[in-house]
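Input: a single structure, listed below in structure tokens.
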Amino acid sequence: MTAISSPERRAASAAPGPVSRRKTRGDLRSERRAGWAMAAPAVLLLLVFLIVPVVLGFVLSFTNARLISPEPTSFTGFDNFVRAFTADPTFFRSLLNTFAFAAVVVPVQAGLGLVLAILVNQKIRGAVAFRVVFFIPVVTSIVVVSILWKFLYQPDGLINSFLDSITFGAWQGTAWLNNPSTALAAIIVLSVWQAVGFHMLIWLSGLQTIPGELYEAARIDGAGTWRQFRDVTWPGLRPTRVFVLITITIAALGLFVQIDVMTQGGPVDSTSTLVYHAVRMGYRQQQIGYGSALSLVFFVLVLIVALVQRFLTRDKD
Amino acid sequence: MAVQKGERVLSRRRRLWIYLAMTGLAVFFLFPLVFMFVSSLKPDGQILSDVGGWRAFLPVGDISVDNYSGVFDRVPVGRFLLNSVIVTTVVVVAGLVVNSMAGFALSRMRWTGRGVVLGVVIATLIVPFETIAVPMVYWVTQLPTLVFENGWIAYDFGWLDTYEVQIIPFIANGFSVFLFAQYFKTIPTAIDEAARIDGAGWFTIYRRIAVPLSGPAFATVAILTFLPAWNQYLWPSMVVQDEDLRPVMVGMQYFFQENTAWGEVMAYTSMITLPVLVVFLAFQRAFVSSVAASGVKG
Chain V
-16 MTAISSPERR AASAAPGPVS RRKTRGDLRS ERRAGWAMAA PAVLLLLVFL IVPVVLGFVL
44 SFTNARLISP EPTSFTGFDN FVRAFTADPT FFRSLLNTFA FAAVVVPVQA GLGLVLAILV
104 NQKIRGAVAF RVVFFIPVVT SIVVVSILWK FLYQPDGLIN SFLDSITFGA WQGTAWLNNP
164 STALAAIIVL SVWQAVGFHM LIWLSGLQTI PGELYEAARI DGAGTWRQFR DVTWPGLRPT
224 RVFVLITITI AALGLFVQID VMTQGGPVDS TSTLVYHAVR MGYRQQQIGY GSALSLVFFV
284 LVLIVALVQR FLTRDKD
Chain G
14 MAVQKGERVL SRRRRLWIYL AMTGLAVFFL FPLVFMFVSS LKPDGQILSD VGGWRAFLPV
74 GDISVDNYSG VFDRVPVGRF LLNSVIVTTV VVVAGLVVNS MAGFALSRMR WTGRGVVLGV
134 VIATLIVPFE TIAVPMVYWV TQLPTLVFEN GWIAYDFGWL DTYEVQIIPF IANGFSVFLF
194 AQYFKTIPTA IDEAARIDGA GWFTIYRRIA VPLSGPAFAT VAILTFLPAW NQYLWPSMVV
254 QDEDLRPVMV GMQYFFQENT AWGEVMAYTS MITLPVLVVF LAFQRAFVSS VAASGVKG
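Residue numbers (the numbering used here), protein chains in the order written: chain V, -16 to 300; chain G, 14 to 311.
As structure tokens, this is what we get:
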């Protein structure tokens, strides 16, 4: 499996091949009608619950719409965006936090995922069992994970006790999530813990596309473990690499649940993120227009990432 | 995985290092969950006093299921579970039907507008739900709905606090359609033509030929839609206030905010983690290949 290639192109080749039997006009008409009928439910649902909300979100971004409001909604031009970038320090902080989170999570999660994939790809007994263990956090709900780790991070929780015992009591213990300088880092650790198993599997399927003969040839040429990794594994993983980096980046930019369950953006906005702030303003404070504008900023970031992916894979296929 | 020919047997020393590394990592990935399950069986005082040592990971001392019965006494968690089961089942089953039909039409039939629809379906893959969540709340408050009033059917506006608002938006899924289209493409089209000559309609071909031949595609899509549906949090936390319709994840967050009784919180989280874990361990091969299949997303 090539982990990545332009979906349009591949799906386009899904078109039925040249028709060998001559079709009558009636056949074609019934095929046309049946085709529409069978695609209609999905198309209709995607239209109403995805495309309309996207368009609506765009339109609402330029209004002062509120969820429940006695006054009629009116267009306000770029006011929401001006407000976000000039008069909303929490937004700015959220944007920085989101970037900081992504900047750490992307390399760490991708790197650890690759290490795990290489380990479970070894031809040794029990590798499958370890693969299962590393994947278990992925099937655990992120809400459960957030609550659980909140307890681990308590001042009298497991992590402080552990640090206390390995430092023979020298560790004073800290309230990880209540300290502005450690809260985001604490959330990064559990986020990687929860999601890295997923990317381990993506890396693994990439590793398994590399022919064993290449390693054999490299060994005959006298390449050691490191040389084999650098000259065979790494180039062979190019398409997988782009996919892993892009999916982690988009997921990291959308950080929400951990924040909502563990810190509500605090202390002093040190863990507020773009999506968290958009939901807080748009839903909890019912400023739908402003919340939509913030969501649009997030969407633009995702689009930029997607375009970067396009660019990186342009010479493929 | 198949052992490639010519593979050198790893040296004993190297194998030892690999086992050591994997064991260390396994501890890192398992310790929070072991702690959760074990603590769910202990009274609060003992959880805190055990936290400093190995006893935190062992079911020793005053072990009971009191925390579990405590959760049931305090909140209608059975109801929450039922709600999540209903929502998840309908999303997965209806999704399999709707998305596979669309995938079939897009990959094996010729009709006007097919290319445009395919382009739109693929374009939807780039939209994360978080970008439309806020406008979508506004949108569902504007949607018409049928209501019963004094024995009459009337219509009203707003989908808040219903099952449909938790289900219908998540049935159609561009990625599922795409996976089905990719899979159906691999079935030879000659079969369709033979069936057409025998007078079979297109729906019959889909139902009697394509579906029975596509078990793996259905399994993959079922698994990939099951997890997010079961784990739904952001959306129901916004559109469902009614406790009778609340799913487990949102119910847990409320429970967590109102309680500092850690034993009961751990019992609640254990209760909703265990079923998914059992399903995963039973079907781990299918899970793994589904995730690998999701690697084609791009």
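Note that CB positions come from ideal geometry on N, CA and C, so glycine has one too.
Next on the checklist: Just checking: is the beta-carbon of G/Phe293 within a distance shorter than 8 angstroms of some beta-carbon in chain V?
Outcome noted: Taking Cβ atoms only, chain V reaches closer than 8 angstroms to G/Phe293, which makes this a yes.
Checklist entry - Run through DSSP, which three-state label would G/Asp174 get? => result It is coil, neither helix nor strand.
Item to check | Chain-ordered chain G contacts of V/Tyr266 [CB-CB under 7 angstroms] | outcome: Contact note: V/Tyr266 reaches chain G through Val147, Val150, Met251, using a C-beta cutoff of 7 angstroms and chain order.
Checklist entry - Can you name the residues of chain V whose CB is closer than 8 angstroms to the CB of G/Asn112? => result Ala25, listed in chain order.
Item to check | Segment contact, 8 angstroms Cβ cut-off, at least three pairs: the region 176 to 193 of chain G with the region 114 to 124 of chain G | outcome: Counting C-beta pairs with one atom in each stretch, the region 176 to 193 of chain G and the region 114 to 124 of chain G have three or more that are closer than 8 angstroms, which means they touch.
Next on the checklist: Would G/Gln313 pass as an interface residue toward chain V - the criterion being a Cβ-Cβ separation below 8 angstroms?
Outcome noted: Residue 313 of chain G lies beyond the range of chain G shown here (14 to 311); nothing can be said about it.
Next on the checklist: Out of V/Val26, V/Ile287, V/Arg293, V/Phe281, which one is the CA nearest neighbour of V/Leu79?
Outcome noted: It is V/Phe281.
Checklist entry - Under 8 angstroms between the Cβ atoms of V/Leu33 and V/Ile271? => result Not in contact: V/Leu33 and V/Ile271 (Cβ atoms no closer than 8 angstroms).
Item to check | Whole-number beta carbon distance between G/Thr286 and V/Ser124, since they are thought to touch under 8 angstroms | outcome: V/Ser124 to G/Thr286, Cβ: 7 angstroms. Contact.
Checklist entry - Which residues, in order along the region 171 to 184 of chain V, keep a beta-carbon less than 8 angstroms from a beta-carbon of chain G? => result Within the region 171 to 184 of chain V, the residues whose Cβ lies closer than 8 angstroms to some Cβ of chain G are Trp176, Gly180, Phe181, Leu184, listed in chain order.
Item to check | Under 8 angstroms by beta carbon: chain V residues contacting G/Pro229 | outcome: Around G/Pro229, no beta-carbon contact reaches into chain V at under 8 angstroms, the shortest distance being about 14 angstroms.
Checklist entry - Using 8 angstroms as the Cβ pair cut-off and three pairs as the minimum, do the region 226 to 243 of chain G and the region 289 to 308 of chain G touch? => result With a cut-off of 8 angstroms, the region 289 to 308 of chain G and the region 226 to 243 of chain G count as touching, because enough Cβ pairs lie within range.
Checklist entry - Between V/Leu39 and V/Arg108, what straight-line distance do the alpha-carbon atoms span, to the nearest angstrom? => result Distance between the alpha carbons of V/Leu39 and V/Arg108: 54 angstroms.
Checklist entry - Closest Cβ-Cβ distance between G/Leu43 and chain V: below 8 angstroms? => result At least one chain V Cβ lies under 8 angstroms of G/Leu43.
Next on the checklist: DSSP has G/Leu11 in a bridge; who is on the other side?
Outcome noted: Outside the shown range of chain G, which is 14 to 311, sits residue 11 of chain G, and nothing can be said about it.
Item to check | Nearest to V/Thr73 (by Cα), restricted to the options V/Arg293, V/Val262, V/Leu290 | outcome: Shortest Cα-Cα distance from V/Thr73 to any of V/Arg293, V/Val262, V/Leu290 involves V/Val262.
Checklist entry - Which runs of the beta strand (DSSP E), 3 residues or longer, sit entirely within the region 224 to 307 of chain G? => result Runs of the beta strand (DSSP E) lying entirely within the region 224 to 307 of chain G and spanning at least 3 residues: none are present.
Item to check | C-alpha gap between G/Phe146 and G/Trp248, whole angstroms | outcome: Here residue 146 of chain G turns out to be Ala, not Phe, going by the sequence shown. For G/Ala146 and G/Trp248, the distance between alpha carbons rounds to 7 angstroms.
Checklist entry - Roughly how many angstroms lie between the CA atoms of V/Gln211 and G/Tyr32, to the nearest whole one? => result Roughly 21 angstroms between the two C-alpha positions.
Checklist entry - Is it right to say V/Phe151 is buried, meaning 16 or more other beta carbons lie within 10 angstroms of its own, or is it exposed? => result Taking all protein chains in view, the Cβ of V/Phe151 is surrounded by fewer than 16 other Cβ atoms within 10 Å, so the residue is classified as exposed.
Checklist entry - So what does V/Phe118 bridge to, in DSSP terms? => result None; V/Phe118 has no bridge partner.
Checklist entry - Is the Cβ-Cβ distance between G/Phe42 and V/Pro120 less than 8 angstroms? => result Yes, they are a contact pair.
Checklist entry - Would a C-beta distance cut-off of 8 angstroms place G/Val153 and G/Val178 closer than the cut-off? => result Yes, these two residues count as a Cβ contact at 8 angstroms.
Checklist entry - Hey, how far is the Cα of V/Thr157 from the Cα of V/Leu135? => result Roughly 12 angstroms between the two C-alpha positions.
Item to check | Beta-carbon neighbours of V/Phe61, restricted to chain G and to distances below 7 angstroms | outcome: Listed along chain G, no residue sits closer than 7 angstroms to V/Phe61 by beta-carbon distance, the nearest being about 18 angstroms off.
Checklist entry - By a C-beta neighbour count over all protein chains shown, 10 Å radius and 16 as the cutoff for buried, is V/Arg(-8) buried or exposed? => result Any reading at V/Arg(-8) needs caution, since the residue's pLDDT is 43, under 50, leaving its predicted position unreliable; the model's value is listed next. V/Arg(-8) counts as exposed, since fewer than 16 other beta carbons sit within 10 angstroms of its beta carbon.
Checklist entry - If contact means a Cβ-Cβ distance below 7 angstroms, which residues of the region 206 to 230 of chain V contact chain G? => result Look at the region 206 to 230 of chain V: the residues with a C-beta under 7 angstroms from a C-beta of chain G are Phe226.
Checklist entry - Quick one, which of V/Val87, V/Val37, V/Gln92 has its alpha-carbon nearest V/Val314's? => result This structure cannot settle anything about residue 314 of chain V, because the visible part of chain V is limited to -16 through 300.
Checklist entry - Roughly how many angstroms lie between the CA atoms of G/Trp215 and G/Leu226, to the nearest whole one? => result Spanning the two alpha carbons is a distance of roughly 16 angstroms.
Item to check | Stretch-stretch touch, CB-based, cutoff 8 angstroms, three pairs: the region 231 to 251 of chain V with the region 125 to 132 of chain V | outcome: Short answer: they touch.
Next on the checklist: Let me see if you follow: with CB-CB separation under 8 angstroms, is G/Asn96 close to chain V or not?
Outcome noted: It does not: the Cβ of G/Asn96 has no partner Cβ on chain V nearer than 8 angstroms.
Checklist entry - Touch check for the region 100 to 110 of chain G and the region 222 to 238 of chain G: three-plus C-beta pairs under 8 angstroms? => result Yes, the region 100 to 110 of chain G touches the region 222 to 238 of chain G.
Checklist entry - Is it true that the region 249 to 263 of chain G meets the region 292 to 300 of chain G, where meeting means three or more beta-carbon pairs spaced less than 8 angstroms apart? => result No contact exists between the region 249 to 263 of chain G and the region 292 to 300 of chain G.
Item to check | Selected residue, minimal CA-CA separation from V/Ala168, among V/Leu29, V/Thr246, V/Tyr198, V/Leu27 | outcome: Selected option, being the one with the closest Cα: V/Thr246.
Item to check | Among G/Gln195, G/Arg27, G/Val100, nearest to G/Val261 - alpha-carbon criterion | outcome: If we check each option's Cα against that of G/Val261, G/Val100 comes out closest.
Checklist entry - Looking at the C-beta of V/Pro53, does it have a partner C-beta in chain G at a distance below 8 angstroms? => result So no, V/Pro53 is outside the interface.
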